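In what follows, a single structure is set out as structure tokens and then discussed.
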């Protein structure tokens, strides 16, 4: 079996995108998500 990268190795090699860029690309309005730092957010389930 070939060596497979661990989850940690994959995570460390990944370039993070700013959550605002992701929200905009999904067409989310500002009241539909709440940022928690630069790279994560909570989404509203009521919209």
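Residue numbers (my numbering): 1 to 47. We put the beta carbon where it would ideally sit given N, CA and C, even for glycine. Source: prediction; values computed, not measured.
Out of 9, 12 and 20, point me to the one whose CA is closest to residue 38's CA.
Taking the first residue of the chain shown as 1, we reach residue 38 at position 38. Minimum Cα distance to residue 38 is reached at 20.
Specify, as a first and last residue, the run of the alpha helix (DSSP H) that residue 34 falls within.
Here residue 34 is taken as the residue at index 34 of the chain shown, counted from 1. The continuous stretches of alpha helix (DSSP H) do not include residue 34, which lies in the beta strand (DSSP E) extending over residues 33-35.
Using DSSP with H/G/I as helix, E/B as strand and the rest coil, what is residue 11?
For the purposes of this step, residue 11 is taken as the residue at position 11 of the chain shown. Correct three-state label for residue 11: helix.
Just curious, the beta strand (DSSP E) that residue 41 is in, first and last residue?
Counted from its first residue, the chain shown places residue 41 at position 41. Segment 41-43, the beta strand (DSSP E) holding residue 41.
Are the Cβ atoms of residue 43 and residue 32 separated by less than 8 Å?
As a position in the chain shown, residue 43 is number 43, starting the count at 1. As a position in the chain shown, residue 32 is number 32, starting the count at 1. A contact, by the Cβ cut-off of 8 Å.
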